[in-house]
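Visitor:
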Amino acid sequence: MLKRGHLWIMAVRDSFVSLIPVTLFGVIAILLQDFPLPAYQSMMGELFSAQWKAPLRLIQNGTHGVFGMMLCVLIAIHVVHRLKNDFGEEIPHILVGSSALTNFMIFIAVQGPLNAQSLNHEAISVGIGVGILSAEILRWAAGTRLLNLTAMPYDTERIFYHSLRLTTPVICTGLCITLVAFAFKALPAPPLDFWRNLVDTVQRHGSAAWWLSSLATLINQLFWFIGAHGSHFLDSYATALFAPWGTPYDGTLASRTMFNAFVLLGGSGATLGLLLAIRIVVHAGPSRKLMQFSVLPGLFNINETILYGLPVVLNPTYLFPFIVVPLLLTGLTLGCFDLGLLELRPDPIPWTTPPLISGWLLTGSWRGVAWQIAELALSTALYLPFVKQVESRRLRRQSHNLAETTEAILSEGRIRVPIVSRHDQVGLIARGLLTDLRHDLQRDVFQLAYQPKHALNGGVVGVEALLRWPHRRHGALSPAIAVTLAEDSGDIHQLGRWVLEQACACKARWNSHGFGQINMAVNVSPLQLTDRQFVPRLAEILKRHGLAPDEIELEITESQHIPDSSVVDTALRDLSALGIRLSMDDFGMGYSSLLHLRRFHVHAIKIDGTLTRDVLSNTTSADIIRTIATLGRAQKIDVIAEFVETRAQRERLAELGCDCFQGYFHSPALYEKACLEYFRLHAAGSAANAD
């Protein structure tokens, strides 16, 4: 049962988050119509007539005015989506939503007349309950054979099939909700004078303002924590807890104006302090972006975006500070007034008046401003540890999601579905990474590092240009992620052009230092060969940098299938005719390594690292390498071993017939200047050995 309850809470939270666009739309309308500046109000009236607020009220009613109804529909959909379907038949979300909508309207109609008020924030608790009940009853009814009275053959058109199959379960769900609605209506209502009697009782025992204001704060916060509009409840049912508007503070009842200005700083929960805490703790990610969106409305005490977006609503981590911070501010504020440190002016001000300004207007003194500053500092300090806790969990979840996405992107397979087309969290992150890739490619964020290649005699004969992606949020990401995303999205041509341009420019600079004999190997995706402009563009880059074609070697990866098309065959022939050296990367573990040797002329083959890594311990790998080396000698093809990490491994690979070696035994990948120094060091060493 606890597990199911947690599922309901998560579904409700996700539903509130799903309503952020609608919430923000309504918040903008509220802010525009209640902006607490007399000059602004006068200007708008002069520009758009006295009825200028009417369209904004329509927007508010069309967004926040149907909040409870929309919430009910979304909760039902999220609950069904999260529950595993034990009976094997899906329940289309559109039917779940329409059933929940019908049930919500039935429940509201049973309780009283249907109007805008019955569908808005006051109906949030109804929306939550009816949404969960609708999903659970519909799911049970859909899986009950006795209620499956209108089943159709499985080869029926899909929408028609589900509509008829679920007709009886939808009707059954509606009848159950109707019974619940009438049972709920039959419950005794609280006496109309309940709050007035409570106030009178408390006032007879002294310290009335402290107890009643704390009670009002607690009610407000508890309602808001479950997503219901606490202020609406207080205004509708508990006005007796506050002194009338304009009444000076006398120690018995606090005014609603004082409550709004000194307790609800930034909105319920004193969430302006929460926004400041997020600003201090969170340096990147969705929470910081949401904080930036929420600052402006928060300054006018409108905080729905942070309550529903973070979310604070139904978030156990924020329950304690969300209740305790306002309670503490309530007690401290009343203490300041009781001690005479602050005096309340009788003039009411709009609830949207920003903090500091409201402190000045309500007290007519700098002390009101100073006290609000102290409250902001206190609320920020109290929220800080909880923000750190939430952010720590988010970072762990982000690392897990990134690792899962990376694994999915780099998963091998002959037929691979592009990860960016998935509709789950992995697909969302992959599409985000693709957006970052395009952004970073336009701004030259990518870098190239160069790993030296050594001949049998130890001399440096070339380098391989390796892509590096220093991501601004995730740090160094695997270059294979960039390549795979670029291949899936078609951006591989732009990425490939950038790599060729940078590698050739670097080679030209090395040539100017006397290292023209160093060969530059550049990885090329087989998909780049499908571009008819690939060879002409490469020839233009070589000419622009003054390079001979044989100074560049293109390593065609063998982990991707080389398309069998006339365009690719023409590109391969043109590359050979131009004088570009071609090599096969990851040779021996790809789709059709041997067939490619017959298809086009290859100057070098690079043995796959899965073979070279365990050459000392795996005799099968050693035999495969020996066979590849024999084939290379017969075809006059250089055989390159990569991932060479120890002297014993290098010596064994040399015995098996490898001609060239690349790996950490000689050097890791180096950036341009460090690689140039590496050339000079080895050139000096070679000269000393010659002497």
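Numbered by the numbering used here, the letters in the sequence shown go through residues 16 to 706 in order.
Ideal Cβ placement from N, Cα and C applies to all residues, glycine included.
Since the model is a prediction, treat every value here as computed from it, not as a measurement.
Would you call D600 buried or exposed, if buried means 16 or more other Cβ atoms sit within 10 Å of its Cβ?
Guide: The sequence position of residue 600 within the sequence shown is 585, counting from 1. Per the 10 Å Cβ criterion, buried.
Visitor: Note the first and the last residue of the continuous beta strand (DSSP E) segment covering E568.
Guide: Translated into positions along the sequence shown, residue 568 becomes position 553. Here the beta strand (DSSP E) through E568 covers 567-571.
Visitor: Could you tell me the distance, in whole angstroms, from the CA atom of G282 to the CA atom of F308?
Guide: As a first step, residue 282 must be located in the sequence shown, where it is residue number 267. As a first step, residue 308 must be located in the sequence shown, where it is residue number 293. Straight-line measurement puts the Cα of F308 at about 15 Å from the Cα of G282.
Visitor: Among V630, D653, S636, which one has its Cα closest to the Cα of A755?
Guide: Coverage of the chain is limited to positions 16 through 706, which leaves residue 755 absent and any answer about it impossible.
Visitor: Name the one or two DSSP bridge partners that V537 has.
Guide: What you label residue 537 is simply residue 522 of the sequence shown in a count that begins at 1. Note: V537 sits in a beta bridge opposite A480, L569.
Visitor: By how many angstroms is the C-alpha of I123 removed from the C-alpha of V14?
Guide: Because the chain is modelled from 16 through 706, residue 14 falls outside the range shown and cannot be assessed.
Visitor: Between W766 and the rest of its own chain, which residues show a CB-CB distance below 8 Å, the 5 nearest in sequence each way excluded?
Guide: The first residue shown for the chain is 16 and the last is 706, placing residue 766 beyond what the model contains.
Visitor: What are the start and end residues of the alpha helix (DSSP H) that includes Y333?
Guide: The sequence position of residue 333 within the sequence shown is 318, counting from 1. First-last of the alpha helix (DSSP H) with Y333: 331-353.
Visitor: Tell me which same chain residues have a C-beta within less than 6 Å of the C-beta of A423, skipping the five on either side of it?
Guide: Sequence index remark: in the sequence shown, residue 423 carries index 408 (1-based). So the list reads I434, V441, once near-sequence residues are dropped.
Visitor: Starting from V654, trace the beta strand (DSSP E) both ways and give me its first and last residue.
Guide: Here the question's residue 654 lines up with position 639 in the sequence shown. Looking at the DSSP string, the run of the beta strand (DSSP E) that includes V654 is 653-656.
Visitor: How about L280 and L291: are their beta carbons less than 7 Å apart?
Guide: As a first step, residue 280 must be located in the sequence shown, where it is residue number 265. As a first step, residue 291 must be located in the sequence shown, where it is residue number 276. Not in contact: L280 and L291 (Cβ atoms no closer than 7 Å).
Visitor: In terms of residue numbering, what span does the alpha helix (DSSP H) encompassing R19 cover?
Guide: Start at 1 with the first residue of the sequence shown, and residue 19 comes out as number 4. 17-33 is the extent of the alpha helix (DSSP H) around R19.
Visitor: Cα separation between P370 and T232?
Guide: In the sequence shown, residue 370 corresponds to position 355, counting from 1. In the sequence shown, residue 232 corresponds to position 217, counting from 1. Going from the Cα of P370 to the Cα of T232 covers about 18 Å.
Visitor: Between the alpha carbons of I571 and D623, how many angstroms are there, rounded?
Guide: As a working note, residue 571 is residue 556 in the sequence shown. As a working note, residue 623 is residue 608 in the sequence shown. Straight-line Cα distance between these residues: approximately 13 Å.
Visitor: Quick one: measure Cβ to Cβ for A91 and S149, integer angstroms, because I've assumed they're closer than 8 Å.
Guide: Translated into the one-based positions of the sequence shown, residue 91 becomes position 76. Translated into the one-based positions of the sequence shown, residue 149 becomes position 134. The beta carbons of A91 and S149 sit about 5 Å from each other, so the pair counts as a contact at 8 Å.
Visitor: By DSSP's criteria, I620 is part of a beta bridge. Which residues make up the other side?
Guide: Sequence index remark: in the sequence shown, residue 620 carries index 605 (1-based). M599, V654.
Visitor: Taking L344 and S394 to be in contact with their CB atoms under 8 Å, please state how far apart those CB atoms are, rounded to whole angstroms.
Guide: Taking the first residue of the sequence shown as 1, we reach residue 344 at position 329. Taking the first residue of the sequence shown as 1, we reach residue 394 at position 379. So it is a contact: roughly 7 Å between Cβ atoms.
Visitor: With 16 as the cutoff for other CB atoms within 10 Å, does E657 come out buried or exposed?
Guide: On the sequence shown, position 642 is the one that residue 657 refers to. It counts as buried.
Visitor: Near R458, what residues of its chain come up, given a Cβ to Cβ distance below 8 Å and the 5 sequence neighbours on each side ignored?
Guide: If you number the sequence shown from 1, residue 458 lands on position 443. Nothing meets the Cβ criterion.
Visitor: I believe V498 touches L544 by the beta-carbon criterion, under 8 Å. Please report the beta-carbon distance rounded to the nearest angstrom.
Guide: The residue you call residue 498 lines up with position 483 of the sequence shown. The residue you call residue 544 lines up with position 529 of the sequence shown. 15 Å between Cβ atoms; not a contact.
Visitor: Whole angstroms are fine: how far does the CA of P467 sit from the CA of E687?
Guide: In the sequence shown, the residue the question calls residue 687 occupies position 672. In the sequence shown, the residue the question calls residue 467 occupies position 452. The straight-line gap from Cα to Cα measures roughly 11 Å.
Visitor: Could you name the residues of the same chain whose beta carbon sits closer than 7 Å to that of A698, not counting the 5 residues immediately before and after it, in chain order?
Guide: Numbered from its first residue, the sequence shown carries residue 698 at position 683. There are no such residues.
Visitor: My assumption, with CB atoms under 8 Å, is that V514 sits in contact with L463. Please give the rounded CB distance.
Guide: Locating residue 514 in the sequence shown gives position 499, where the first residue counts as 1. Locating residue 463 in the sequence shown gives position 448, where the first residue counts as 1. About 7 Å separates the two Cβ atoms, so the contact holds.
Visitor: Excluding the five sequence neighbours on either side, which residues of its own chain have a C-beta within less than 7 Å of the C-beta of I24, listed in chain order?
Guide: If you number the sequence shown from 1, residue 24 lands on position 9. So the list reads L329, once near-sequence residues are dropped.
Visitor: Quick one: measure Cβ to Cβ for L249 and N235, integer angstroms, because I've assumed they're closer than 8 Å.
Guide: Looking up residue 249 in the sequence shown gives position 234. Looking up residue 235 in the sequence shown gives position 220. About 6 Å; that satisfies the 8 Å criterion.
Visitor: Compute the beta-carbon to beta-carbon distance between N416 and T367, rounded to the nearest angstrom, for a pair I have assumed lies under 8 Å.
Guide: On the sequence shown, residue 416 is found 401 positions in, with the first residue counted as 1. On the sequence shown, residue 367 is found 352 positions in, with the first residue counted as 1. With a Cβ gap of about 38 Å, N416 and T367 do not count as contacting.
Visitor: Let me know if W260 comes out buried or exposed under the rule of 16 or more other beta-carbons within 10 Å of its beta-carbon.
Guide: The sequence position of residue 260 within the sequence shown is 245, counting from 1. By the neighbour-count rule (16 or more Cβ atoms within 10 Å), W260 is not buried but exposed.
Visitor: Suppose you measure from the CA of K558 to the CA of P541; what does that come to, to the nearest Å?
Guide: The count along the sequence shown starts at 1 and reaches residue 558 at position 543. The count along the sequence shown starts at 1 and reaches residue 541 at position 526. When rounded, the distance between both Cα atoms is 23 Å.
Visitor: In its own chain, which residues sit with a C-beta less than 7 Å from the C-beta of D451, not counting the 5 before and 5 after it?
Guide: If you number the sequence shown from 1, residue 451 lands on position 436. Counting only Cβ-Cβ distances below 7 Å, and skipping sequence neighbours, we find H486.
Visitor: Does the beta carbon of T661 fall short of 6 Å from some heavy atom of the ligand PLP?
Guide: Among the components modelled here there is no ligand, and therefore nothing to report on the ligand PLP.
Visitor: DSSP on L685, reduced to helix/strand/coil?
Guide: Position 670 of the sequence shown, counting from 1, holds the residue named residue 685. Here L685 sits in strand by DSSP.
Visitor: Taking K468 as part of the beta strand (DSSP E), name the residues at either end of that continuous run.
Guide: For the purposes of this step, residue 468 is taken as the residue at position 453 of the sequence shown. Taken as a continuous stretch (DSSP letters only), the beta strand (DSSP E) holding K468 covers 462-470.
Visitor: Grab me the residues of G146's own chain with a C-beta within less than 6 Å of its C-beta, minus the 5 sequence neighbours each way, in chain order.
Guide: Mapped onto the sequence shown, residue 146 falls at position 131. Only C87, I90, A91, A115 meet the Cβ criterion.
Visitor: Just the Cα atoms here: how many angstroms apart are F549 and I507?
Guide: In the sequence shown, the residue the question calls residue 549 occupies position 534. In the sequence shown, the residue the question calls residue 507 occupies position 492. Roughly 12 Å between the two C-alpha positions.
Visitor: Which class does P203 belong to by DSSP, given the choice of helix, strand or coil?
Guide: For the purposes of this step, residue 203 is identified with residue 188 of the sequence shown, where counting begins at 1. In the structure shown, P203 sits in coil (DSSP, three-state: anything other than H, G, I, E or B).
Visitor: If you draw a straight line from the C-alpha of P70 to the C-alpha of G41, how long is it?
Guide: The residue given as residue 70 occupies position 55 in the sequence shown. The residue given as residue 41 occupies position 26 in the sequence shown. In a straight line, the C-alpha of P70 is about 12 Å away from that of G41.
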